[in-house]
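Reviewing the structure listed below.
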Amino acid sequence: MLPMSTALGKVGLVDVIANGFVDTLGNLGPLAVMAGLFLLTSVFTQVLSNTATTVVVAPIGLAAAQTLGIMPQAFLMAIAIAASMAFASPVASPTNTLVMGAGNYRFSDYIKIGVPLIAILMIATVLILPLIFPF
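Written out as structure tokens, the structure is:
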């Protein structure tokens with residue numbers, strides 16, 4: 078994934094995506110951009126590994142912070158936290174897959190519990206991180 082992340086940066090795709098976030102959500106402030114990055118990361122981490130997701134999304138968060146002219150720490154920590162939200166899909170984490178058969182869970186069971194948890198933790202993260210890492 079590191080080569081892919083490097084390639085995305087070299088061809089300018091990181092800046093295009095970051096500018097898209099800033100253009101779309103920037104008028105609402107850095108909290109909205111951080112929430113958007115959290116949402117993107119938490120969706121990616123349902124199908125990619127946490128590490129791969131972070132490698133792909135962190136440069137986008139860094140570029141978005143630079144475009145907004147703010148410190149990147151809150152954005153990057155939000156991405157790291159969101160990459161750990163691997164509980165809305167049975168393939169998001171090996172542990173989810175391991176208990177799926179034993180618990181007789183369906184894919185929708187993971188969504189039912191995972192999406193509300195992600196929403197709650199996204200709100201908490203977006204509200205708390207700027208207190209620890211001011212923009």
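Just so we're aligned, residue 78 is where the sequence shown starts under the numbering used here, counting upward by one. Think of the CB as a built atom: it goes at the ideal place given N, C-alpha and C, for glycine as much as any other residue. These numbers come from a predicted model, not from an experiment.
Item, Value
"Closest by C-alpha distance to glycine 138, when choosing among Asn104, Gly106, Asn127 and Val99", "Val99"
"Per-residue burial, asparagine 104 [other beta carbons within 10 Å of its own, 16 or more giving buried]", "exposed"
"Glycine 178 classed as buried or exposed, judged by whether at least 16 other C-beta atoms fall within 10 angstroms", "exposed"
"Which of helix, strand or coil DSSP assigns to threonine 131", "helix"
"Option nearest alanine 196 by Cα separation, candidates Met148, Leu125, Ser185 and Val120", "Val120"
"Selected residue, minimal CA-CA separation from isoleucine 147, among Ala201, Asp92, Leu108 and Leu90", "Leu108"
"Burial state of alanine 201 (16 or more Cβ within 10 Å)", "exposed"
"Proximity to proline 167 [Cα-Cα], best of Val124, Gly113 and Leu90", "Val124"
"For proline 167, three-class secondary structure by DSSP", "coil"
"CB contact flag (alanine 142, proline 149, <8 Å)", "yes"
"For glycine 97, the first and last residue of its enclosing alpha helix (DSSP H)", "90-102"
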